[in-house]
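Here the protein sequences come in this chain order: A and B.
Quick note: the first sequence uses our numbering, first residue 99, plus one each step.
Quick note: the second sequence uses our numbering, first residue 99, plus one each step.
Positions of the beta carbon are idealized from the N, C-alpha and C atoms, including for glycine.
Reading through the C-alpha cells given below for one structure.
Protein chains: 2
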Amino acid sequence: MDQIIKGSQSLAFVNAPYLVSAASVTGSKEAEGPLGKLFDMTSEDDLFGAQTWEEAESTMQKESCVLALGKAHVGAEEVRYLFGGDLLRQGIATSMGVEALQIPLFGLYGACSTSGEALALAAMSAAAGYGEYMLAVTSSHFGSAEKEFRFPLGYASQRPLSAHWTVTGSGAFLVRSAVTETQNSAEDVSRLSQGDTGEGREQEGRRKSHIRIAGVTVGKIVDYGLKDSQNMGACMAPAAMDTIVQNFKDMGRTEQDYDRIITGDLGYVGQSILFDLVRGKGYDIREKHLDCGMTIFDQQTQDTHAGGSGCGCAAVTLASFVLPKIEKGEWKRVLFVPTGALMSTVSYNEGASVPGIAHGIVLEHC
Amino acid sequence: MDQIIKGSQSLAFVNAPYLVSAASVTGSKEAEGPLGKLFDMTSEDDLFGAQTWEEAESTMQKESCVLALGKAHVGAEEVRYLFGGDLLRQGIATSMGVEALQIPLFGLYGACSTSGEALALAAMSAAAGYGEYMLAVTSSHFGSAEKEFRFPLGYASQRPLSAHWTVTGSGAFLVRSAVTETQNSAEDVSRLSQGDTGEGREQEGRRKSHIRIAGVTVGKIVDYGLKDSQNMGACMAPAAMDTIVQNFKDMGRTEQDYDRIITGDLGYVGQSILFDLVRGKGYDIREKHLDCGMTIFDQQTQDTHAGGSGCGCAAVTLASFVLPKIEKGEWKRVLFVPTGALMSTVSYNEGASVPGIAHGIVLEHC
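And the structure:
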C-alpha cells in the first residue's frame with residue numbers, strides 16, 4: 099500500500115504489469131518520415147500483398163501481433179486475452195486480422211484513443227492476475243480510413259489545413275502479469291494442475307522488460323460542441339486536457355513528475371488548444387509535451403497538414419520511438435494519452451457534434 | 099481456492115461480483131411480443147422523441163442506464179467504469195447515448211455478442227476491486243441497423259426466411275464488487291482518505307442482489323467460411339458451440355450443471371445447427387437451451403422470420419425475462435452466451451466470410 103489514488107478515474111496497480119515487447123508495422127509514407135528507420139516492418143505499396151485496403155489493414159494487425167509475440171518468444175496460445183480495435187465500421191480490420199491467432203478476443207472502439215483503451219484493459223487484466231500474457235493491438239490505414247470517413251480519393255478533394263493524414267500502421271503490445279498465483283482475482287490453476295507450483299517462475303521462464311504499466315486514467319467523453327470533423331485536433335484537445343488534469347489530480351502529480359506527456363494525434367491545431375486549456379487549469383505542459391501525430395511525419399516535406407492520426411499513429415510511435423527510450427531509462431516516467439474523436443459519417447451528417455475521449459497510461463522505467 | 103479452472107479461456111471469480119440491477123427499454127414491436135409486459139420502458143413510435151433512428155438508439159441507451167442506476171439507488175458518479183457498445187459504425191449510439199452520464203468509458207464492439215463482452219469486462223473489473231460499481235450497456239435499433247447493414251426500407255426488399263429482425267432495445271446492467279478493500283488489485287483509497295475504513299460497509303450501505311456473475315468464458319473468433327450475411331444464425335452457431343463446449347471443459351461441467359443455456363440471437367436456423375454441432379462434441383443441450391431471438395418475438399404472428407437479433411436482443415431478454423428467474427431462485431445457474439456475426443457492408447461486399455464470436459457469462463443465484 100505505497101500509493102494513494104484519490105478521485106474516481108485512475109488506478110495504480112499494486113502489481114504493475116510489464117510491457118514486455120512491442121512491434122510496429124507501417125506503410126510507405128510513414129517509412130519515409132522521421133521515424134522510418136525505427137519501424138519493424140514497412141510495405142512499399144501499402145497493400146501488404148492484399149487486394150483491398152481493409153485486407154491490408156488486417157494484414158498489418160496480424161503481422162504486428164506476430165512480431166510482438168516473436169520478440170518475446172511467446173506463442174499466441176500463451177496469450178490469455180487479446181484487446182484490439184481499429185477505425186473501420188464494425189471493427190473488421192481487427193476481426194479479420196487477428197482471427198488466425200485464435201486468442202480469446204475483446205473487440206474495442208475508442209476511435210484514435212483505442213491504443214490507450216486496449217493497453218488499459220490489457221494492464222487491468224494482467225494486474226488482476228487473469229492470465230500471464232495479454233496482447234493489445236490497434237491499426238489504421240490511410241486508404242481504408244479515407245474510404246470510411248471522407249471522399250473517394252479519385253475526387254481529388256482539397257483538404258483543409260486543419261485536417262490530419264491517417265497513418266497506415268499497426269502497433270501491438272505484449273503485457274505480462276507480475277501477479278503471483280496466490281494473489282489472483284480469479285482461479286487459474288491450469289499450471290498448478292500440471293505440477294508447476296509457480297515457484298521459481300520469476301527466475302526461470304518469464305520474460306521481463308524495464309517497462310511497467312504503473313497505472314491508468316480512463317477517460318470520459320468530453321464534448322465542447324464542435325462539429326468540424328475536418329478539425330479533429332480541436333475536437334479532441336478538451337478530452338486530452340481532461341484526462342491529463344484528472345491524472346495529475348488522481349495521482350497527486352504535476353507535469354514535473356513526468357519526463358514526457360505524449361498525446362496521440364492532436365496535431366498542430368490541437369496542441370496549441372491543449373496548451374491553452376491545460377494552462378487554464380493551472381498547469382504548463384509545454385516543456386514536456388510530445389504529440390505522436392506531429393512526430394511521425396515531417397509536416398514541411400510530407401504535406402500532412404495538421405499531422406498524423408488514426409489508431410495506428412499513437413500505437414506505432416509508442417512502439418518504435420517512445421518505448422525504447424523508457425526501456426533504456428532515458429525517460430523514467432511517461433504519461434501516454436491517445437485521443438479519439440467520436441463520430442461517424444452518419445453522426446456528423448445528421449448534425450451531431452464530435453466529442454472526444456482520451457485514455458491515460460502511466461509507463462515507468464524499472 | 100475452491101474452484102479450479104483448467105484451460106485457457108475462462109475465469110471463475112474468487113470474489114464473484116453481484117449483478118445488482120438491470121433495465122430494459124424497447125420499441126413498439128417488442129412491446130407487442132411475448133415479453134412485452136416485462137420491459138421497463140417502451141416507445142410507441144420507436145423514435146423516443148428524437149429526430150433520427152441513431153439518436154433514438156442513443157436515447158434508449160441513456161434511459162436504460164438511468165433506469166438500472168435508479169433501481170439500485172446508485173448515482174452515475176458512483177460508477178467507476180462504463181462498458182458499452184452497439185452495432186453502428188464507430189459505435190455512435192453508445193458515444194452519443196452515454197455522454198451525459200459522464201462515467202469513464204470503455205467503448206466495445208462485439209456485434210450481437212457485445213452484451214456478453216460488456217458484462218465480462220464489468221465483472222472482471224469489479225472482481226479485481228477496480229471500483230465498487232461498473233455499468234454494462236448495449237443497444238440495437240431496427241431502423242438504424244437496416245440503414246447500417248441492409249437496404250433502405252423504402253425499397254421494400256424481400257427478406258429471406260433465414261434473416262433476422264433487429265430488436266429495437268437497450269439493456270443496462272449494474273455490477274457491484276464483492277471485493278473488500280484489502281484484496282484490491284489496484285489502490286483506491288479515496289474512501290480511506292475520507293475517514294471510511296471500509297469496515298461495516300457490507301452491512302450498511304452496499305446494495306445486494308441474489309445474482310452473482312460467477313465466471314466468464316471469453317470467446318475466440320470462429321470462422322466456418324460462411325458468406326451469407328442474411329443467414330447470421332448459421333454464421334454464429336459455430337462460435338456458440340465453441341464457447342459453450344469450452345465453458346464445459348474449462349469448468350468441468352456438462353449441460354446438467356446449468357438450468358438454462360441461453361444464446362443471444364441464433365434464431366430457428368442457428369439453433370438447429372447449434373444442437374448438431376454440440377452433439378458432435380458429445381453433449382446434448384436441447385433440453386436446456388433457450389434463444390433470446392426466439393423468445394422475444396412470436397414468429398407466427400410477428401413475421402420476424404429466423405427471430406430477433408442485435409446487441410439489444412440478448413440484453414433486454416436477459417434484463418426482463420432471465421434475471422428475475424435467477425433472482426427468485428427458479429433458475430440456480432445459467433450460462434448466458436450472446437453471439438455476434440463479425441462483418442460490415444464493406445467486408446461482405448469485398449467477399450470476406452462472416453466469422454462469429456460468442457462470450458459466456460455464468461450467472462448464479464445466491
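Using the beta-carbon of each residue, which ones in chain B are nearer than 8 Å to residue i?
i      : result
A/K127 : Near A/K127 there are no residues of chain B at all, since even the closest Cβ is about 23 Å away, more than 8 Å.
For the alpha helix (DSSP H) that residue i lies in, which residues bound it at each end?
i      : result
B/F240 : F240 to F247
A/R377 : G365 to G378
B/V112 : Note, B/V112: premise wrong, no alpha helix (DSSP H); not H, not E.
B/G410 : C409 to T415
B/L421 : L421 to K426
A/T266 : Neither: A/T266 is in no alpha helix (DSSP H) and is coded neither H nor E.
B/T393 : C390 to T393
Classify residue i as helix, strand or coil using the three-state DSSP reduction.
i      : result
B/I342 : helix
A/Y446 : helix
A/R358 : strand
A/G458 : strand
B/S211 : helix
B/R384 : coil
B/I190 : helix
B/A439 : strand
A/Y179 : strand
B/V196 : helix
A/L433 : strand
A/L233 : strand
B/G406 : strand
For a contact defined as C-beta to C-beta under 7 Å, what are the partners of residue i on chain B?
i      : result
A/Y228 : L109 and M222
A/A284 : L109, A110, F111, V112 and A225
A/Y179 : V316
A/G189 : Y207
A/E152 : V444, S445 and E448
A/L421 : In chain order: nothing, as chain B lies at least about 22 Å away.
Taking Cβ positions, are residue i and residue j nearer each other than 8 Å?
i      : j      : result
B/Y116 : B/R178 : no
A/G205 : A/S237 : no
A/H262 : A/M330 : yes
B/L186 : B/A121 : no
B/K160 : A/I201 : no
B/T315 : B/S108 : yes
A/A209 : A/G438 : yes
B/S126 : B/E142 : yes
A/L440 : A/V452 : yes
B/R274 : B/A225 : no
Counting only beta-carbon atoms, is residue i nearer than 8 Å to chain A?
i      : result
B/D321 : yes
B/E448 : yes
B/L440 : yes
B/V460 : no
B/P436 : no
B/A413 : no
B/G183 : yes
B/H403 : no
B/M158 : no
B/G296 : Low confidence applies to B/G296: its pLDDT is 42, below 50, so where it sits in the model is not reliable enough to give any reading.
B/Q397 : no
Does the distance between the C-beta of residue i and the nearest non-hydrogen atom of the ligand MN fall short of 7 Å?
i      : result
A/V432 : Absence of the ligand MN from the depicted structure is noted, as is the absence of any ligand whatsoever, leaving it without description.
Closer than 8 Å, CB to CB, is residue i near chain B or not?
i      : result
A/G317 : yes
A/A209 : yes
A/Q200 : yes
A/P453 : yes
A/C464 : no
A/L186 : yes
A/L272 : no
A/L145 : no
Where do the ends of the beta strand (DSSP E) carrying residue i lie?
i      : result
B/V123 : Y116 to T124
A/G168 : Note, A/G168: premise wrong, no beta strand (DSSP E); alpha helix (DSSP H) at W151 to K169.
B/T399 : That residue, B/T399, is in no beta strand (DSSP E); its alpha helix (DSSP H) goes Q397 to Q400.
A/T315 : I309 to T315
A/L203 : L203 to L206
Measuring only between beta-carbons, confirm whether residue i sits less than 8 Å from chain E.
i      : result
B/L233 : No chain E is part of this structure, whose protein chains are labelled A and B.
Find the residues of chain A that neighbour residue i, judging by a C-beta separation of less than 8 Å, and give them in chain order.
i      : result
B/E161 : Simply none; closest approach about 17 Å.
B/E215 : F204 and G205
B/E197 : I319, D321 and P453
Mind pulling the chain A residues with CB within less than 7 Å of residue i?
i      : result
B/S193 : I319, L440 and P453
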